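Read through the structure below, which is laid out as structure tokens, and then see the notes.
Number of protein chains: 2
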Amino acid sequence: MAAVSAGTVSKALNGGGQLRAETRQRVLEAARQLGFQPNTLARSLLRGRTYTVGLLTSDSFGRFSIPLMQGIEDALGAGQLAVFLCDARGDAVREQHYLRTLLSRRVDGIIVTGRRADTRAPLSQDPLPVVYAYTKSAAPEDLSVVPDDVQGGRLATEHLLAAGRRHLAHVTGPTRFEAVLERANGMRAALAAAGLEVARDHVLTGSWSEAWGREAATELLDGDRHIDGIFCGSDQIARGVADALRERGVRVPEDIALVGYDNWEVIAAATRPPLTTVDMNLEGLGQAAADHLLAMIGGMRASGIVRLPCRLVIRSSSGVSSLRDWPASGTPPA
Amino acid sequence: MAAVSAGTVSKALNGGGQLRAETRQRVLEAARQLGFQPNTLARSLLRGRTYTVGLLTSDSFGRFSIPLMQGIEDALGAGQLAVFLCDARGDAVREQHYLRTLLSRRVDGIIVTGRRADTRAPLSQDPLPVVYAYTKSAAPEDLSVVPDDVQGGRLATEHLLAAGRRHLAHVTGPTRFEAVLERANGMRAALAAAGLEVARDHVLTGSWSEAWGREAATELLDGDRHIDGIFCGSDQIARGVADALRERGVRVPEDIALVGYDNWEVIAAATRPPLTTVDMNLEGLGQAAADHLLAMIGGMRASGIVRLPCRLVIRSSSGVSSLRDWPASGTPPA
DNA sequence: GTGAAAGCGCTAACAG
DNA sequence: CTGTTAGCGCTTTCAC
Numbered sequence: 001m002a003a004v005s006a007g008t009v010s011k012a013l014n015g016g017g018q019l020r021a022e023t024r025q026r027v028l029e030a031a032r033q034l035g036f037q038p039n040t041l042a043r044s045l046l047r048g049r050t051y052t053v054g055l056l057t058s059d060s061f062g063r064f065s066i067p068l069m070q071g072i073e074d075a076l077g078a079g080q081l082a083v084f085l086c087d088a089r090g091d092a093v094r095e096q097h098y099l100r101t102l103l104s105r106r107v108d109g110i111i112v113t114g115r116r117a118d119t120r121a122p123l124s125q126d127p128l129p130v131v132y133a134y135t136k137s138a139a140p141e142d143l144s145v146v147p148d149d150v151q152g153g154r155l156a157t158e159h160l161l162a163a164g165r166r167h168l169a170h171v172t173g174p175t176r177f178e179a180v181l182e183r184a185n186g187m188r189a190a191l192a193a194a195g196l197e198v199a200r201d202h203v204l205t206g207s208w209s210e211a212w213g214r215e216a217a218t219e220l221l222d223g224d225r226h227i228d229g230i231f232c233g234s235d236q237i238a239r240g241v242a243d244a245l246r247e248r249g250v251r252v253p254e255d256i257a258l259v260g261y262d263n264w265e266v267i268a269a270a271t272r273p274p275l276t277t278v279d280m281n282l283e284g285l286g287q288a289a290a291d292h293l294l295a296m297i298g299g300m301r302a303s304g305i306v307r308l309p310c311r312l313v314i315r316s317s318s319g320v321s322s323l324r325d326w327p328a329s330g331t332p333p334a
Numbered sequence: 335m336a337a338v339s340a341g342t343v344s345k346a347l348n349g350g351g352q353l354r355a356e357t358r359q360r361v362l363e364a365a366r367q368l369g370f371q372p373n374t375l376a377r378s379l380l381r382g383r384t385y386t387v388g389l390l391t392s393d394s395f396g397r398f399s400i401p402l403m404q405g406i407e408d409a410l411g412a413g414q415l416a417v418f419l420c421d422a423r424g425d426a427v428r429e430q431h432y433l434r435t436l437l438s439r440r441v442d443g444i445i446v447t448g449r450r451a452d453t454r455a456p457l458s459q460d461p462l463p464v465v466y467a468y469t470k471s472a473a474p475e476d477l478s479v480v481p482d483d484v485q486g487g488r489l490a491t492e493h494l495l496a497a498g499r500r501h502l503a504h505v506t507g508p509t510r511f512e513a514v515l516e517r518a519n520g521m522r523a524a525l526a527a528a529g530l531e532v533a534r535d536h537v538l539t540g541s542w543s544e545a546w547g548r549e550a551a552t553e554l555l556d557g558d559r560h561i562d563g564i565f566c567g568s569d570q571i572a573r574g575v576a577d578a579l580r581e582r583g584v585r586v587p588e589d590i591a592l593v594g595y596d597n598w599e600v601i602a603a604a605t606r607p608p609l610t611t612v613d614m615n616l617e618g619l620g621q622a623a624a625d626h627l628l629a630m631i632g633g634m635r636a637s638g639i640v641r642l643p644c645r646l647v648i649r650s651s652s653g654v655s656s657l658r659d660w661p662a663s664g665t666p667p668a
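If you read the protein sequences in the order shown, they are chains A and R. Counted the way my numbering counts, the first sequence spans residues 1 to 334. Counted the way my numbering counts, the second sequence spans residues 335 to 668.
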């Protein structure tokens with residue numbers, strides 16, 4: 001239509017080569033009129049790069065995957081990379097199937113995500129850049145990006161200490177989750193730094209549910225323990241605790257200050273009073289993972305475990321009003 | 335390696351052509367040893383089909399998108415189709431950008447999803463199969479798959495009627511959502527069928543939040559209304575209502591039976607008492623949308639609005655114990 | 001039965 | 001400056 005050869009069109013559209021401006025205009029105009037979209041497949045075939053990455057969830061897409069995916073999409077979409085979605089549902093066979101699919105589609109790299117930040121078996125796919133996000137690869141030569149749950153636990157505890165609380169309890173989830181241990185360790189570290197420690201019967205482990213939160217709160221009140229602050233391993237637990245306390249006539253935060261974990265908006269904001277809680281900044285984590293992957297695709301080698309800091313979101317359950325510890329518009333330090 | 339030509343390899347791997355069994359074996363063995371994965375791009379280039387579809391969320395991936403995506407992935411993954419993820423964040427410019435990307439990548443079709451089942455502008459992309467899932471295209475020649483919210487409202491109401499309740503109220507979300515109107519219409523229809531109607535001051539519209547549920551419950555109790563059943567437009571609202579009722583000494587379900595909407599497990603199951611609620615079966619909806627898309631890719635023409643039935647999930651808030659209205663293992667009628 | 005050749009849509013290198 | 005050629009990895013005729 002522009003009466004030029006295919007090669008010339010290519011140069012015109014990609015801004016390359018030596019072309020007369022008039023010719024370039026003519027081609028561009030024709031392309032516009034025809035609604036011409038260059039065929040990415042052909043280009044990929046030639047270049048050996050697809051500008052596509054695979055997103056492989058080992059567990060189903062859940063609440064944690066959403067912000068993570070947004071962050072990943074953000075970081076990759078800006079770089080014009082497309083994302084292939086693969087939900088293995090925790091099934092190794094499905095995962096293997098998806099892995100083959102991604103390889104045959106020649107993705108430039110893969111991001112593997114989990115439901116909890118626990119350790120998992122590596123993909124063992126030598127020639128391809130892989131980043132593990134919100135899950136840790138058991139292989140030390142892999143790169144994993146996870147939230148720093150020790151720091152998160154510390155953050156929550158320091159906040160309670162800053163609020164003048166000295167008799168803290170911890171109500172958390174099942175000990176088989178690494179996060180449970182790490183958050184508790186963070187708590188202990190913060191207490192130790194203040195010359196305090198947490199009594200053995202002030203740490204209650206159970207499930208991640210509200211029901212467990214209510215049960216644990218009851219147990220804490222029934223014993224003869226003096227408690228003025230509770231750090232909960234999740235917002236769901238914290239909500240259960242808050243409900244049980246209120247129904248027993250214990251005031252939050254006046255009598256007992258409360259800090260949750262996850263910043264699950266729909267839970268944390270609806271709790272009475274709204275929960276101060278630790279935010280793992282999963283969107284930032286997704287972005288960081290994607291950025292690392294891009295670097296690896298670019299030839300950079302990287303391995304080990306990158307821990308990203310959590311931040312505290314302050315609402316009223318902790319009785320301290322102050323700004324968030326970093327500005328909402330800012331990004332967490334990488 | 336198998337000492338045959340590329341053409342022969344192709345026939346061997348794809349099971350086509352006339353080959354000696356021994357040759358085929360030799361090729362297969364060599365492919366296995368080499369870990370050979372045929373390059374899907376090259377194949378797509380040739381066939382003119384990519385076995386890939388785009389998933390375009392107009393709103394961010396949220397709670398409703400998860401089951402939807404699972405259903406879509408299920409239906410497509412089984413057919414060996416891959417899914418490109420595009421999150422337009424409700425931004426028309428981003429959406430346009432993604433649309434171009436998908437076209438240049440030559441997807442076989444597109445599924446457009448929304449956050450609420452409301453009407454949206456069509457993609458106006460003539461030559462490509464498109465299905466709208468959990469959102470309705472304004473163009474009648476497009477195909478949209480949405481939950482039947484009128485039927486959902488009817489289901490909830492009939493259940494309350496079956497529980498012997500006759501004085502029903504409705505606490506729901508903002509009237510700008512089509513679902514709010516449709517669910518209310520379903521309620522009215524069910525009541526009319528029983529020779530009843532709902533008083534104007536028994537329908538309270540507000541936001542989708544727990545706080546609104548609490549506020550509305552208080553309002554209902556403070557007025558001099560006799561109410562023995564409340565149908566709530568969402569589980570969050572229902573939870574707020576349940577909390578407020580309990581705190582006012584009203585027993586659920588003995589004094590007032592409660593039915594929610596969404597079957598948002600984490601809310602519905604944690605409510606005291608656990609909520610009977612309407613499930614829109616979004617996973618099934620995703621599957622149906624994907625199946626329709628496959629049919630369209632296969633050459634079938636289809637248009638209009640497909641409404642999929644909701645089902646009732648019975649817990650204790652409605653005071654009726656019975657089986658779900660269809661077996662958990664079954665699939666909803668398409 | 002198997003190999004050789006052409007071509008999917010594009011771009012890079014080289015001619016002209 | 002622009003056109004021609006070759007080739008990315010695969011499948012599909014068509015000879016042999």
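Quick reminder that beta carbons are idealized off the backbone N, C-alpha and C, glycines included. The structure presented is a predicted model; accordingly, all values stated were derived computationally and were not measured.
In DSSP terms, what residue i is bridged to
{"i": "R/His672", "result": "Chain R is shown from 335 up to 668; residue 672 of chain R falls before or after that span and cannot be answered."}
{"i": "A/Ser104", "result": "Paired residue(s): none; A/Ser104 is not in a bridge."}
{"i": "R/Arg645", "result": "R/Asp613"}
{"i": "R/Val593", "result": "R/Phe565, R/Thr610"}
{"i": "R/Gly638", "result": "R/Leu477"}
{"i": "R/Thr391", "result": "R/Asp421, R/Thr447"}
{"i": "A/Leu204", "result": "A/Val171"}
{"i": "A/Val130", "result": "A/Ile110"}
Straight-line Cα distance separating residue j from residue i
{"i": "A/Val250", "j": "R/His536", "result": "35 angstroms"}
{"i": "A/Gly90", "j": "A/Ala162", "result": "41 angstroms"}
{"i": "A/Phe64", "j": "A/Glu95", "result": "19 angstroms"}
{"i": "R/Ile564", "j": "A/Ser316", "result": "31 angstroms"}
{"i": "R/Pro666", "j": "A/Asp228", "result": "Note on R/Pro666: pLDDT 40, under 50, position unreliable in the model; the coordinate value appears next. If I take the Cα positions, the gap works out to 51 angstroms."}
{"i": "A/Met296", "j": "A/Val171", "result": "40 angstroms"}
{"i": "A/Pro273", "j": "A/Leu293", "result": "40 angstroms"}
{"i": "A/Arg166", "j": "A/Ala194", "result": "9 angstroms"}
{"i": "A/Leu99", "j": "A/Leu191", "result": "45 angstroms"}
{"i": "A/Asp118", "j": "A/Ala217", "result": "27 angstroms"}
{"i": "R/Glu332", "j": "R/Leu410", "result": "Nothing in the structure corresponds to residue 332 of chain R, since chain R is present only between 335 and 668."}
{"i": "R/Asp595", "j": "R/Gly540", "result": "At residue 595 of chain R the sequence reads Tyr, which differs from the Asp that was named. For R/Tyr595 and R/Gly540, the distance between alpha carbons rounds to 15 angstroms."}
{"i": "A/Trp247", "j": "A/Arg239", "result": "First, the amino acid is wrong: residue 247 of chain A is Glu here, not Trp. Taking the straight line from one Cα to the other gives about 12 angstroms."}
{"i": "R/Met614", "j": "R/Asp569", "result": "12 angstroms"}
{"i": "R/Ser663", "j": "R/Val361", "result": "Residue placement at R/Ser663 is flagged as unreliable, the pLDDT there being 38, under the threshold of 50; a coordinate-derived value is accordingly withheld."}
{"i": "A/Phe177", "j": "A/Leu312", "result": "21 angstroms"}
DSSP three-state assignment for residue i, whether helix, strand or coil
{"i": "R/Ser652", "result": "coil"}
{"i": "A/Arg120", "result": "strand"}
{"i": "A/Ala82", "result": "strand"}
{"i": "R/Ile561", "result": "coil"}
{"i": "A/Ala269", "result": "coil"}
{"i": "R/Gly351", "result": "coil"}
{"i": "R/Tyr432", "result": "helix"}
{"i": "R/Asp483", "result": "helix"}
{"i": "R/Asp425", "result": "coil"}
{"i": "A/Ser137", "result": "strand"}
{"i": "R/Thr384", "result": "coil"}
{"i": "A/Thr172", "result": "strand"}
{"i": "R/Val338", "result": "coil"}
{"i": "A/Val252", "result": "coil"}
{"i": "A/Val9", "result": "helix"}
{"i": "A/Ser65", "result": "helix"}
{"i": "R/Val532", "result": "coil"}
{"i": "R/Asn519", "result": "helix"}
{"i": "R/Gly664", "result": "Confidence in R/Gly664 is poor, its pLDDT being 36 and thus under 50, which makes the residue's placement too unreliable to answer from."}
{"i": "A/Gly240", "result": "helix"}
Mind the definition here: the region 345–356 of chain R touches the region 291–309 of chain A only if three or more C-beta pairs lie below 8 angstroms; say whether that holds.
Touching, no, given that fewer than three Cβ pairs across the two stretches are closer than 8 angstroms.
Three or more C-beta pairs below 8 angstroms linking the region 597–605 of chain R and the region 448–466 of chain R:
With the cut-off at 8 angstroms, the region 597–605 of chain R and the region 448–466 of chain R do not touch.
Between the region 102–121 of chain A and the region 37–57 of chain A, do at least 3 Cβ pairs fall closer than 8 angstroms?
Touching, yes, given that three or more Cβ pairs across the two stretches are closer than 8 angstroms.
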